[in-house]
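Numbering (our numbering), first residue to last: 337 to 731.
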Amino acid sequence: MRGMEGNLIMKNIQLLNSISNVGLEVFDKTAYNVGAEVQEPVGMMVRSAVMHDMQFPATLAAIARAGAGVNNIPLERCAEEGIVVFNTPGANANGVKELAILALLMASRKVVAGIEWARTLKGDPELSKKVEKGKSQFVGPELKGKTLGVIGLGAIGGMVANAAVSLGMNVIGCDPFLSVKAAWSLKNSVHSAADYDEIYANSDYITYHIPALPTTKGIINKENIAKMKDGVRIINLSRGDLANVADVAEALKSGKIASYVTDFPAEELLGLEGAVCIPHLGASTPESEDNCAKMAAEELIDFLENGNIKNSVNFPEIHMPRIHDHRLVVLHRNVPGVVNAISGALAIIGVNIEAMANQSKGNYAVSMFDFGNEISADVVEKVAALENILRVALK
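Rendered as structure tokens:
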């Protein structure tokens with residue numbers, strides 16, 4: 337087991353990146369010591385810092401990523417060390433949605449190329465005449481009446497789909513893992529596609545809003561591009577490695593793809609006609625940074641104080657109302673017999689369980705036990721010594 341966490345008078349939270357003050361203000365300064373230089377943290381807050389080679393202190397119980405992507409965090413290792421990793425899905429959704437609408441327009445109207453060309457006319461005495469003569473090279477179609485295919489209809493994809501309907505587009509979407517909550521948020525005029533191939537075959541524009549997983553990496557590739565309409569316009573603001581960049585570049589050169597707008601510049605795309613590379617600005621708004629920081633702080637606090645888990649990417653979601661003052665939270669492997677072993681150990685010691693909850697997710701699980709009486713350190717140590725226990729904490 338990685339370590340045991342008790343009730344510390346001051347809980348140390350280490351900042352690995354600059355975090356919005358809106359999030360930092362959530363912490364009670366009488367209970368939390370928050371900063372970049374704190375030692376022996378029970379929690380960490382991170383944005384882009386790469387953590388794969390970090391050695392985590394035994395005190396560390398949770399990491400909160402102020403953003404959705406967690407590529408910079410070693411999730412499996414964290415789970416094995418009993419460290420819960422949180423992210424903030426949806427906190428930056430509106431910022432990314434707005435950039436996606438801008439990307440749709442930039443995919444159509446050649447505004448970026450037009451602006452770059454107009455700059456070359458600085459100081460030209462025939463500026464107005466050349467503008468009128470040269471503007472025809474930047475003609476592009478309107479969005480109204482065109483078909484947009486949305487791959488991934490979560491917090492961001494759903495908002496993009498709804499906004500595109502308001503712009504007069506025909507919208508079809510596909511998400512094999514669509515939640516009931518996300519489905520309810522979609523406008524009735526967003527049509528459901530049976531699979532991605534239906535999106536490819538019928539869309540003038542395609543926008544991707546899915547995570548980078550082993551099953552999705554390189555999904556924008558030669559094989560799938562061949563299934564798309566000639567002159568398709570693609571938006572990828574989700575992850576750079578969703579695209580096989582060489583295949584995208586080849587399709588841009590041939591005209592199969594009319595334009596590719598991405599938030600992840602790649603060497604092969606820079607300067608290539610039809611490619612619009614944005615320097616990862618999807619969540620670069622003050623509002624997004626504030627929302628992400630606030631949500632990350634709230635997730636950390638609820639876990640550190642109550643053991644509740646929401647929006648974890650390596651442990652299950654679990655919540656139990658706080659009725660009693662004494663709570664034991666156990667992170668463990670999801671194997672048969674662990675919960676019985678914990679209950680049995682508590683019974684042998686003579687500890688009476690007043691309430692309990694258990695949830696599992698993949699290889700890992702969380703069990704909560706509430707007691708009417710105070711729990712001694714000896715009880716914690718006996719539970720921690722059981723097989724397949726990753727971390728034990730008193731809340």
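Beta carbons are placed, not taken as given, at the ideal position from N, Cα and C, and that holds for glycine.
query: Collapsed DSSP secondary structure at G342 in the structure displayed; result: Low local confidence applies: a pLDDT of 48 at G342 is under 50, so the model's placement there is unreliable, with the coordinate-based value given in what follows. G342: coil per DSSP, three-state reduction.
query: Of the listed residues L682, M692 and V378, nearest to D714 (C-alpha basis); result: L682
query: For S648, the nearest candidate out of A693, A701 and F600 (CA to CA); result: A701
query: C-beta atoms of A385 and L352 nearer than 7 Å; result: yes
query: Proximity below 7 Å, CB of M564 to CB of Y536; result: yes
query: Chain-order list of residues whose beta-carbon lies under 8 Å from that of V448 (same chain, five-residue window excluded); result: M442 and V612
query: Helix, strand or coil at F383 according to DSSP, with G and I counted as helix; result: The amino acid at residue 383 is misidentified as Phe; the sequence shows Arg. Note: R383 maps to coil in three-state DSSP.
query: Whole-angstrom distance between N694 and I654, CA atom to CA atom; result: 7 Å
query: Assigned secondary structure, V716 (DSSP; H/G/I helix, E/B strand, else coil); result: helix
query: contact_flag[the segment 356-371, the segment 593-610] where n(CB pairs < 8 Å) is 3 or more; result: no
query: Straight-line Cα distance separating I637 from G576; result: 32 Å
query: Validate contact between the segment 479-496 and the segment 420-432 using beta carbons, cut 8 Å, 3 pairs; result: yes
query: Pairwise C-alpha distance: I645 and F639; result: 6 Å
query: Runs of beta strand (DSSP E) wholly within the segment 538-613 (minimum 3 residues, chain order); result: 541-544, 568-572, 593-598 and 611-613
query: The segment 480-489 touching the segment 511-527, judged by at least three CB pairs closer than 8 Å; result: yes
query: Residue from G450, H545, P615 and E609 with nearest C-alpha to S472; result: G450
query: Endpoints, the alpha helix (DSSP H) within which M505 is located; result: Element bounds for M505: n/a, residue is neither H nor E.
query: Inter-residue Cα distance where the pair is M704 and G680; result: 14 Å
query: Nearest-angstrom Cα separation, counted from I725 out to V674; result: 8 Å
query: Burial state of G342, where buried means 16 or more other Cβ atoms lie within 10 Å; result: Bear in mind that the predicted position of G342 carries a pLDDT of just 48, short of 50, making it unreliable; the figure below should be weighed with that in mind. Burial call: exposed.
query: Identity of the residue in V475, F707, A548 and A415 nearest G686 by Cα; result: F707
query: Cβ neighbour criterion (16 or more within 10 Å) applied to R455; result: exposed
query: Status (buried if at least 16 other CB within 10 Å, exposed otherwise) for H660; result: exposed
query: Inter-residue Cα distance where the pair is L396 and V378; result: 4 Å
query: Buried versus exposed, by CB contacts within 10 Å (16 or more), N348; result: buried
query: Contact belief for V382 with N650 at Cβ below 8 Å, rounded distance in angstroms; result: With a Cβ gap of about 14 Å, V382 and N650 do not count as contacting.
query: In chain order, each beta strand (DSSP E) run of at least 3 residues that lies wholly inside the segment 367-430; result: 368-371, 379-382, 398-401 and 420-422
query: Pairwise C-alpha distance: V716 and E376; result: 20 Å
query: C-beta atoms of I556 and A529 nearer than 7 Å; result: no
query: Nearest residue (CA-CA) to I546, options I571, D566, L522 and H527; result: I571
query: Simplified DSSP state of G485, which is helix, strand or coil; result: strand
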